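Colleague:
Numbering (our numbering), first residue to last: 76 to 426.
Structure, rendered in structure tokens:
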């Protein structure tokens with residue numbers, strides 16, 4: 076994936092958009108695409124070490140007084156921490172607080188999506204397994220590339236505390252969210268998948284995308300980054316219901332960022348323009364929302380419900396309405412639609 080175009084989620088609350096109409100041509104194409112779908116669309120896991128890591132990460136950001144500490148997906152973490160700390164011995168409290176401070180002085184200063192060493196650490200902890208039945212110590216390099224010895228020591232020091240104090244509630248929340256999402260996938264997943272793969276003309280992995288469910292993730296409540304790393308929060312109300320279904324498809328579509336960047340860049344160069352940074356993300360918001368709305372007509376897409384079009388991607392809404400929506404409705408080709416979107420953008424010289 077091209078990290079240079081990987082973009083952050085925008086903040087929440089907005090207005091409803093008009094409902095897209097799925098034309099008969101597109102309906103037929105989606106029906107054909109559905110016949111060749113993977114056996115599984117998503118594979119859900121709730122790895123122990125990934126949950127512990129993200130809990131420490133958001134608590135470290137709270138200790139830093141980071142501006143995103145009050146976002147809905149992470150705002151309750153300090154209160155949950157305090158409730159658990161009240162049940163611990165003074166020695167356990169000190170050990171836990173030292174780990175949070177260590178994260179605050181290190182990993183919590185980084186971005187979970189854009190900083191490659193933090194992404195590598197998260198990958199390493201995914202590979203470490205879930206440790207739900209046994210709790211083997213993490214081994215630093217060379218055992219798990221991406222996990223340094225100091226971080227392994229921090230995580231090992233608080234793993235028993237986390238497992239006894241917060242992990243039972245996090246496990247239940249994760250399991251409930253997985254059950255809810257799997258129910259929606261069974262009902263709507265095949266049609267949503269056919270919609271987005273036809274629209275983007277990109278393949279889906281035969282074994283499905285792995286989704287790591289964690290009580291906390293980052294301020295956005297979900298993210299996707301290099302090499303099929305998808306993480307979604309079970310504590311964020313924004314990942315419930317059909318919004319949660321849209322979220323996991325949205326994050327999976329970021330795995331196509333590199334291919335989409337190449338297509339957008341080629342179209343822009345033909346028109347002597349540059350590709351605005353937020354365009355590809357705006358297209359994902361637009362397409363994932365329309366895909367879920369195509370199977371649940373009363374659903375309000377995430378971008379409309381959460382004010383996305385009143386923020387950074389706002390200037391792209393009109394070009395997408397004019398040129399991308401007709402394509403999603405079954406008219407024209409992908410290349411023609413992208414050319415039209417680029418053409419409707421404000422002119423800018425190539426750099």
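We put the beta carbon where it would ideally sit given N, CA and C, even for glycine. Bear in mind that the values here come from a model prediction, so they are computed numbers and not experimental data.
1. With a CB to CB cut of under 8 Å and the five nearest residues on each side skipped, what residues in its chain are close to residue 202?
2. With 16 other CB atoms within 10 Å as the buried threshold, where does residue 180 fall?
3. Around the Cβ of residue 164, are there at least 16 other Cβ atoms within 10 angstroms (buried) or fewer (exposed)?
4. Quick check: what's the CA-CA separation for residue 246 versus residue 255?
5. In whole angstroms, give me the CA-to-CA distance for residue 311 and residue 299.
6. Given a cut-off of 8 Å, decide if residue 294 and residue 37 are closer than it, judged by their beta-carbon atoms.
7. Does the segment 300–307 come close enough to the segment 350–366 that 3 or more CB-CB pairs lie under 8 Å?
8. What first and last residue would you give for the alpha helix (DSSP H) that runs through residue 381?
9. What residues match up with residue 300 in a beta bridge as DSSP calls it?
10. So for residue 374, helix, strand or coil by DSSP?
11. Check residue 284 in the structure and name its three-state DSSP category.
12. Leaving out five residues on either side along the sequence, give the residues of the same chain with a beta carbon under 8 Å from the beta carbon of residue 401.
13. Specify whether the segment 116–134 and the segment 224–237 touch according to this definition: at least 3 beta carbon pairs, one from each stretch, less than 8 Å apart.
14. Excluding the five sequence neighbours on either side, which residues of its own chain have a C-beta within less than 7 Å of the C-beta of residue 191, listed in chain order?
15. Work out the CA separation of residue 213 and residue 155 for me, nearest whole Å.
16. Give the DSSP-derived three-state secondary structure of residue 119 in the structure shown.
17. CB residue 330 to CB residue 303, shorter than 8 Å?
18. For the alpha helix (DSSP H) that contains residue 250, what are its first and last residues?
19. Just confirm the distance between the C-beta atoms of residue 419 and residue 394, as a whole number of angstroms; I'd bet it's less than 8 Å.
20. In chain order, what residues of the same chain lie with their CB nearer than 6 Å to the CB of residue 371, ignoring the 5 residues before and after it?
21. Taking the alpha-carbon of residue 237 as reference, which of 167, 261, 340 has the nearest alpha-carbon?
22. What would DSSP say about residue 164, mapped onto helix, strand or coil?
23. Go ahead and pull the three-state DSSP assignment for residue 309.
24. Assign residue 96 to one of three DSSP states: helix, strand, or coil.
25. Measure the alpha-carbon distance for residue 320 versus residue 282 and round it to whole angstroms.
26. Measure the alpha-carbon distance for residue 397 versus residue 267 and round it to whole angstroms.
27. Taking C-beta to C-beta, are residue 248 and residue 290 nearer than 8 Å?
28. Based on DSSP bridge pairs, tell me the residues matched to residue 289.
29. State the Cα-Cα distance for the pair residue 417 and residue 389, rounded to the nearest angstrom.
Modeller: On the basis of the supplied data:
1. Result list for residue 202: 219, in chain order.
2. Under this definition residue 180 is an exposed residue.
3. Exposed, because fewer than 16 other Cβ atoms sit within 10 Å of the Cβ of residue 164.
4. The alpha-carbon separation between residue 246 and residue 255 amounts to approximately 14 Å.
5. Cα to Cα, the separation comes out at about 16 Å.
6. The question about residue 37 has no answer here: the residues shown for the chain are numbered 76 through 426.
7. Contact fails: fewer than three Cβ-Cβ distances are below 8 Å.
8. No alpha helix (DSSP H) holds residue 381; DSSP gives it neither H nor E.
9. 304.
10. Coil at residue 374, not helix or strand.
11. Reduced to three states, the DSSP call for residue 284 is strand.
12. Once the five neighbours on either side are set aside, the close Cβ partners of residue 401 are 407, 412.
13. The segment 116–134 is in contact with the segment 224–237.
14. Around residue 191: no qualifying Cβ.
15. Rounded to the nearest whole angstrom, the C-alpha separation of residue 155 and residue 213 is 25 Å.
16. Residue state, collapsed to three classes: strand.
17. Residue 330 places its beta carbon less than 8 Å from that of residue 303.
18. It spans 242–259 - the alpha helix (DSSP H) in which residue 250 sits, taken as one unbroken run.
19. The Cβ separation is near 4 Å, so the contact holds.
20. The residues are 317.
21. Nearest of 167, 261, 340 to residue 237, Cα basis: 167.
22. Coil, per DSSP.
23. Three-state result, residue 309: coil.
24. Its pLDDT being 39, under 50, residue 96 is placed unreliably by the model, and nothing is read from it.
25. If you draw a straight line from the Cα of residue 320 to the Cα of residue 282, it is about 18 Å long.
26. Taking the straight line from one Cα to the other gives about 22 Å.
27. In this structure, residue 248 sits near residue 290, with a CB-CB distance shorter than 8 Å.
28. Per DSSP, the beta-bridge partners of residue 289 are 308.
29. Between residue 417 and residue 389, the alpha-carbon positions lie close to 15 Å from each other.
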